[in-house]
Structures are given as structure tokens and as C-alpha cells.
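Protein chains: 2
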Amino acid sequence: MLKITRKVEYALIALRHMQAKDPEGLTSAKEIATHYGIPKQLLAKTLQQMARDNIIQAVQGPTGGYRIRANLGKISLKDFFERLEGPLGMMDCFFESDCIQINACNIRVPIQRINDNMRDMFSKMTLMEVTQ
Amino acid sequence: MLKITRKVEYALIALRHMQAKDPEGLTSAKEIATHYGIPKQLLAKTLQQMARDNIIQAVQGPTGGYRIRANLGKISLKDFFERLEGPLGMMDCFFESDCIQINACNIRVPIQRINDNMRDMFSKMTLMEVTQ
DNA sequence: ATAAATACGATTAAAATTGTCGTATTTATT
DNA sequence: AATAAATACGACAATTTTAATCGTATTTAT
Numbered sequence: 101m102l103k104i105t106r107k108v109e110y111a112l113i114a115l116r117h118m119q120a121k122d123p124e125g126l127t128s129a130k131e132i133a134t135h136y137g138i139p140k141q142l143l144a145k146t147l148q149q150m151a152r153d154n155i156i157q158a159v160q161g162p163t164g165g166y167r168i169r170a171n172l173g174k175i176s177l178k179d180f181f182e183r184l185e186g187p188l189g190m191m192d193c194f195f196e197s198d199c200i201q202i203n204a205c206n207i208r209v210p211i212q213r214i215n216d217n218m219r220d221m222f223s224k225m226t227l228m229e230v231t232q
Numbered sequence: 101m102l103k104i105t106r107k108v109e110y111a112l113i114a115l116r117h118m119q120a121k122d123p124e125g126l127t128s129a130k131e132i133a134t135h136y137g138i139p140k141q142l143l144a145k146t147l148q149q150m151a152r153d154n155i156i157q158a159v160q161g162p163t164g165g166y167r168i169r170a171n172l173g174k175i176s177l178k179d180f181f182e183r184l185e186g187p188l189g190m191m192d193c194f195f196e197s198d199c200i201q202i203n204a205c206n207i208r209v210p211i212q213r214i215n216d217n218m219r220d221m222f223s224k225m226t227l228m229e230v231t232q
């Protein structure tokens with residue numbers, strides 16, 4: 101429990117790789133995938149999603165690839181996680197309303213408080229802290 | 101991602117229920133299961149595990165049940181989570197050593213740092229904050 | 001003796017995550 | 001114009017993890 105997904109993991113690996121290598125130049129999905137031994141297609145999808153979110157910029161065609169577009173020091177880990185995986189919650193019932201016994205539940209409020217602490221923590225850390 | 105498991109959820113519901121109801125008297129798994137609409141057998145197992153961990157005390161036989169044994173204000177959420185679910189890590193590679201590209205990995209250290217922050221946070225919160 | 005509770009390993013079911021496939025589009029190069 | 005190498009992306013399959021159930025044993029108040 102309390103794990104991050106591979107998607108997030110691959111995204112962070114890619115960002116750090118791009119930043120360390122050449123923040124201006126382009127890096128292909130293939131390069132990253134082979135370098136770190138991760139599935140290329142899955143990585144590609146994640147990169148495409150980050151491109152849609154304007155975290156990185158995509159360039160098509162041969163010689164194409166990705167480069168960092170956003171200021172990584174200004175994107176909190178909370179925002180990053182939520183862009184890739186949706187709202188951050190320790191229990192599903194914070195977002196989905198199909199919990200029948202939601203009224204009986206006696207820990208919703210206290211867990212909500214802990215959840216807020218966690219979101220707070222991730223709000224105070226930026227992507228830069230991972231990538232540099 | 102970053103979710104707690106149902107096991108932990110049920111354990112917290114049970115603890116809070118026991119504390120709110122009657123810290124001295126016994127509460128059966130059945131009572132809690134029916135009250136909150138959760139699977140009895142699964143809850144029972146979780147209670148049994150907490151009993152083995154001396155968080156609660158089990159009494160067998162009819163009229164048996166469980167009561168809180170430990171001082172909930174002295175058990176951190178980190179310890180509680182780890183007793184129920186094993187070591188707390190955002191990535192598996194912190195514990196399992198079967199990641200082949202562990203050397204190439206460029207985010208192990210930074211994620212480790214974030215993980216430490218998270219463990220720190222849960223170290224500072226006690227079970228009591230959830231149950232009362 | 002019976003019934004109601006805990007104890008717990010083994011198994012199954014369900015859900016979430018992870019990975020692959022197939023096809024389309026873009027564009028530098030020849 | 002043809003080709004090749006890259007991104008784009010929906011649909012599907014495989015795997016893993018989580019959740020739930022089953023079956024049986026043990027304990028003990030009545």
C-alpha cells in the first residue's frame with residue numbers, strides 16, 4: 101500500500117534523464133526505454149500524457165522526441181501525481197460516491213485529515229527535487 | 101495510487117468502534133461487521149492479526165470478543181501500517197532486490213528521500229488521532 | 001453436549017495495474 | 001515521391017495485487 105505507480109515512476113525517470121542530459125535537446129522514448137530497461141510503449145504513452153499536460157514538449161517525425169517544457173521547480177509533486185493519476189486519496193470514498201455504508205463509516209473524517217496532511221506534504225515538494 | 105488497503109481500513113474502523121463504545125468491554129467481530137457492512141471473515145482475520153501484535157486482546161468462547169489492549173496514543177501510524185502491511189515504501193525496490201536495472205535507476209535516491217518524508221509524517225501521528 | 005465465539009491456512013474472485021498490439025500521423029531524409 | 005523513424009492513441013491481454021470466501025479446528029460459557 102501507499103505505493104506510486106509505474107507510470108509515475110517512468111515519468112520521473114524520464115524527466116530526470118532529460119534534465120541531466122540536455123535540457124534543450126530532444127530525447128526519444130526509445131533512448132530512455134532502452135537505457136533504463138523499461139517497456140517502450142508504456143513509457144511512450146506516459147510521455148504523451150505529459151506532453152498533453154504541457155510538462156514536456158513533443159516533436160514529431162524522425163529526429164523527433166521530447167524536451168522539458170515546464171519549470172519543474174514550480175510544479176508540486178501533488179499536482180504532478182494528480183495530473184498523471186487523478187485525485188490523491190488514501191481511500192476511494194473521497195471521490196467515488198458508491199460506498200453504501202458511507203453514513204455508518206466512522207473513520208472518514210479522521211482519514212480525511214490524514215489525507216490532507218499527505219497532500220500538504222506533496223504540495224511542498226516540487227518535481228525539481230526529484231529530477232535534480 | 102498511495103492508497104491504504106481495506107485491511108488497514110477495517111482495522112481502523114474496528115479500533116475506533118471499540119474505543120467509542122466501551123474500552124473495557126468486549127466487542128465481537130460479528131458486531132462490527134454487521135454494523136459497518138464489512139465482510140466478517142476478513143475483519144476477523146485482521147482482528148486476529150492485531151491480537152497477535154498485542155494491539156488488542158482476544159477472548160475466546162461464546163461471550164468472547166476483543167478489547168483494546170495497547171495505548172493507542174503511543175502507537176504511531178507508521179508502526180501500525182508496518183505491523184499490518186509490512187515495510188512502508190513508495191517503490192518495491194526499497195525492499196525487494198529483484199530489480200535488474202537497479203544500478204541504472206536514476207530516481208532511487210530522490211524517491212527514497214520522499215519516502216523518508218512520508219514515513220516521518222506517519223511517525224508523528226498516532227492511532228489515537230484516528231480513533232478519537 | 002451445544003452453541004457461539006476466535007484461529008488460521010488454503011483457495012477463489014475481483015480489481016487494479018502493467019504491458020502489448022495495431023494502426024494512424026507526422027516529418028526529415030534520400 | 002518513397003521511405004523510415006519518430007510520436008499518437010484506442011483497444012485489448014496479461015499479470016499482479018487485493019479482497020473475499022471456504023473449511024476446519026479450537027476455545028469456553030451455558
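Line by line, the protein sequences are chains A and B. The numbering of the first sequence is my numbering, which starts it at 101 and goes up by one. The numbering of the second sequence is my numbering, which starts it at 101 and goes up by one. Where is the CB? At the ideal position from N, CA and C, for every residue including glycine.
Beta-carbon proximity of residue i to residue j, cut-off 8 Å
i: A/Leu147; j: A/Ala129; result: yes
i: A/Met191; j: B/Lys103; result: yes
i: B/Ile168; j: A/Val230; result: no
i: B/Leu188; j: B/Leu227; result: no
i: A/Tyr166; j: A/Ile138; result: no
i: A/Ile175; j: A/Ile156; result: no
i: A/Glu182; j: A/Thr105; result: no
Residue i, buried or exposed, once every other Cβ within 10 Å from all chains shown has been counted against 16
i: A/Arg219; result: buried
i: A/Thr163; result: exposed
i: B/Phe222; result: buried
i: A/Val209; result: exposed
i: B/Ala120; result: exposed
i: B/Phe195; result: exposed
i: B/Val108; result: buried
Nearest-angstrom Cα separation, counted from residue j out to residue i
i: B/Ala170; j: B/Thr127; result: 16 Å
i: A/Ile211; j: A/Asp153; result: 30 Å
i: A/Arg213; j: A/Gly161; result: 48 Å
i: A/Gly125; j: A/Leu172; result: 16 Å
i: B/Ala158; j: B/Met150; result: 9 Å
i: B/Asn123; j: B/Ala133; result: For the record, residue 123 of chain B in the displayed sequence is Pro; it is not Asn. C-alpha separation (whole angstroms): 18 Å.
i: A/Met118; j: A/Cys199; result: 42 Å
i: A/His135; j: A/Asp179; result: 27 Å
i: B/Gln141; j: B/Leu112; result: 16 Å
i: B/Asp216; j: B/Glu131; result: 38 Å
i: A/Met101; j: B/Met101; result: 8 Å
i: A/Cys193; j: A/Gln232; result: 35 Å
Residue i - DSSP class collapsed to helix/strand/coil
i: A/Ser128; result: coil
i: B/Thr105; result: coil
i: A/Ala158; result: strand
i: A/Ile138; result: coil
i: A/Ile168; result: strand
i: B/Thr163; result: coil
(message) Tell me whether the segment 136–154 of chain B and the segment 202–214 of chain B touch, counting them as touching only if at least three CB pairs, one residue from each stretch, are closer than 8 Å.
(response) no
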